[in-house]
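Q: Here it is: the structure, laid out below.
Residue numbers (the working numbering): 19 to 149.
Given below as structure tokens:
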């Protein structure tokens with residue numbers, strides 16, 4: 019049994035020695051492949067930590083999401099109530115509260131004061147009939 023194992027090992031090392039270039043290239047490929055996987059995992063962890071740090075730096079102030087106002091078709095770029103509901107469902111426990119609001123820039127004049135922005139928040143958002 020041990021003699022057979024020795025024969026197998028001798029044959030294996032002989033094949034490696036006869037195909038030195040192939041063996042070196044195979045080892046090089048394994049080393050490069052393994053190190054690139056380790057590098058990609060390290061980069062992704064660093065990026066994830068950076069994104070998490072950025073989001074944590076916002077504190078309790080919240081995050082506002084708005085469509086790009088430079089879109090050619092403002093209707094297709096609009097964010098709907100159902101989009102806010104989708105964000106709330108997808109984020110789960112990561113979000114404490116989602117509150118959609120509507121903001122429009124208008125020129126209003128009352129008692130000599132001009133206002134150029136109106137923001138309306140919907141307190142009934144959690145009522146599914148609005149969605």
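No residue lacks a Cβ here, since even glycine has one placed at the ideal position from N, Cα and C.
1) Return the CA-CA distance between residue 104 and residue 59, expressed in angstroms with no decimal places.
2) Could you tell me if residue 118 is buried or exposed, where buried requires 16 or more neighbouring beta carbons within 10 angstroms of its beta carbon?
3) Report the three-state DSSP secondary structure of residue 135 (helix, strand or coil).
4) Would you kindly report the start and end of the unbroken beta strand (DSSP E) that includes residue 126?
5) In chain order, what are the residue ranges of uninterrupted alpha helix (DSSP H) at least 4 long that sit wholly in the stretch 68–100?
6) The alpha helix (DSSP H) with residue 110 in it runs from where to where?
7) Using 10 angstroms around the beta-carbon of residue 131, count the other beta-carbons present and answer buried if the total reaches 16, otherwise exposed.
8) How would you write the range of the alpha helix (DSSP H) that residue 29 sits in, first residue to last?
9) Would you call the CB atoms of residue 96 and residue 85 closer than 9 Å?
A: With the given structure in hand:
1) Taking the straight line from one Cα to the other gives about 30 Å.
2) Under this definition residue 118 is a buried residue.
3) Correct three-state label for residue 135: coil.
4) That run of the beta strand (DSSP E) goes 126–128.
5) Runs of the alpha helix (DSSP H) inside the stretch 68–100: 92–95.
6) Boundaries cannot be given for residue 110, as no alpha helix (DSSP H) includes it and DSSP labels it neither H nor E.
7) That one is exposed.
8) Per DSSP, residue 29 belongs to the alpha helix (DSSP H) from 20–36.
9) If you check the CB distance, residue 96 and residue 85 come in under 9 Å.
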